Amino acid sequence: MSKKQNNCAIEGLEPRRMLNGATVITPGMVPIGNKMPAWVNQMANSISARIEKETGIKPSMYTLRVGKNSTTLTRDNGSSSLDATGDIIVKVNWASLSRKKSEAPYIGQEIFKKLIDGPTDSTFDGPLTEMPIHFIGHSRGVYANSAAVKFLGEAGIWVDQVTTLDGQRFGNDGAFGNWSNVRFADNEYQYKSGRINVPAGFYVSGALNTNLVNMRGFRAFHPIDRHELVHTFYHGTIDLLAKNVDKKQIDRAGWYRTKRGQQPVTGFYFDQHESFGRPDLAIAVRGAERQPLSVFDPEIAWDNIEIFSVTSIPTDEYFAVSSRREDLNGDATIVTGLDTDMNPYDGSYVTTKPLSAADLSIDAEGEFTQEFGTKSLNEGYYYVFVQITGATGVRYAYAPTKVHIVP
């Protein structure tokens, strides 16, 4: 009987393939009423459409409502269970409090609590912090998100990405920080010295900064219109066919130098470590500037995990997964594996391999490499994941590459 031999090829996912995770969208001040701005729903729907186009599965959609006396996190009508999707989009509605000064830190605290505690309607039994998290904030929402990210960092939780869109405080909205638990940060804003800049954003050290002030349309508009146009700019990098959003035109030729349907290399292009293509200048582990945070209690801190490369071995019968972990109290167990999809909740794992001190080494930066044999695997495409489990919780990460096993 001949010995079975499988060849292994490592392939990047299709352009803009979405990884499993949570996206949190937080707007700023709502001048009138208690409804979210229309653009928040439009942005959430556009992100959902991008994910569904690539995965065939529409992500779960939730609304986090923060009021004076209560906070709820509930699944939108008609939305699928997170167990079935592996992706979630959270829209933050704090309209009733957004006109009051100094409320952003409280809003951030409520966002943090609900991400840790999970939905209030019992539609998912677990925290939303098990997945990579991308925060998108506009205006005062930047400060609310900053507070939430700080609370997460003090609990030991890495945040995959923070996107700031023309941050603007109102009263004592707390200190904005590009905190040390942020893996990648991007900042789209409009500001020019010597003119009226209220409201307007600011440069963020350690982020990928894009000042839009000299782009077509931003020079002539009223300050408030320019301020709102920043989230329109970002939206155009999500929905590549949209001509306008919330009654504001998307100027593709003037802003991105692209045509409809083409992906600009800016904005949403960098969501969820697209093929490991994020610029080093905004990546924490590459030395990007961050504001330090202290974990409240390392003994109960969350553990963290991320994959930074998947490579084939010259024999073609193995592939190697290189990951990075943080385990402050040394209690974590780590498992690397293959999945038929990118959803950690649907039980579709094909094979797993625990990390052992006998065959792996972890350096001072928490990096380790694990080899997988392919002989026992059936032909097909597989998605690589890594899972870290500690006393406080579980976290998952999927690689933006897939393994193709060919007999």
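The sequence shown begins at 129 in this note's numbering and counts up by one. Glycine is no exception: its CB is placed at the ideal position from the N, C-alpha and C atoms. Given the structure is predicted, the values throughout are model-derived calculations rather than measurements.
Assess contact between the region 438-458 and the region 329-346, defined as three or more Cβ pairs (one per stretch) separated by less than 8 Å. Is contact present?
no
So with Cβ pairs under 8 Å, would you call Glu180 a contact of chain C?
In summary, chain C is missing from the structure at hand, where a single protein chain is found.
Using the Cα positions of Asp472 and Gly214, report the straight-line distance between them to the nearest angstrom.
For the sequence presented, residue 472 should be read as Pro rather than Asp. Distance between the alpha carbons of Pro472 and Gly214 is about 7 Å.
Do Ile366 and Phe396 have their C-beta atoms within less than 8 Å of each other?
Closer than 8 Å, so yes.
What separation, rounded to the nearest whole angstrom, lies between the Cα atoms of Asp431 and Phe349?
46 Å
In its own chain, which residues sit with a C-beta less than 7 Å from the C-beta of Arg145, not counting the 5 before and 5 after it?
Note that Arg145 scores 43 on pLDDT, short of 50, meaning its location in the model is unreliable; the coordinates nonetheless yield the value given after this. Here the set comprises Glu182, Pro528.
The ligand SAM heavy atoms versus the CB of Arg203: any closer than 7 Å?
Summarising the ligand content, the structure contains no ligands, and the ligand SAM is consequently not present.
Between Ala275 and Gln237, how many whole angstroms is the CB-CB distance? I'm expecting something under 8 Å.
6 Å
Applying the 10 Å Cβ sphere with the 16-neighbour rule, what's the burial state of Thr151?
buried
Got a sec? Which residues, its chain only, sit under 8 Å from Lys481 by beta carbon, not counting five neighbours each side?
Result list for Lys481: Val463, Thr464, Gly465, Gln498, Phe500, in chain order.
Should Leu117 and Lys228 be called a contact, given that it needs their Cβ atoms to be closer than 8 Å?
For the chain, the structure presents residues 129 to 535; residue 117 sits outside this window and is missing.
Within the same chain, show all residues whose beta-carbon is closer than 7 Å to that of Gly508, passing over the 5 residues directly before and after it, in chain order.
Ile533
For Arg297, I'd like the list of residues in its chain whose CB is within less than 6 Å of its CB, leaving aside the five on either flank, ordered along the chain.
Tyr271
Decide if Thr257 is buried, meaning its Cβ has at least 16 other Cβ atoms within 10 Å, or exposed.
buried
Relative to the alpha-carbon of Pro247, which residue among Ser224, Met189, Ile285 has its alpha-carbon at the smallest distance?
Met189
Do Arg344 and Asp379 have their CB atoms nearer than 8 Å?
Against a cut-off of 8 Å, the Cβ pair of Asp379 and Arg344 comes out as a contact.
How many angstroms separate the CA atom of Ile239 from the CA atom of Lys278?
11 Å
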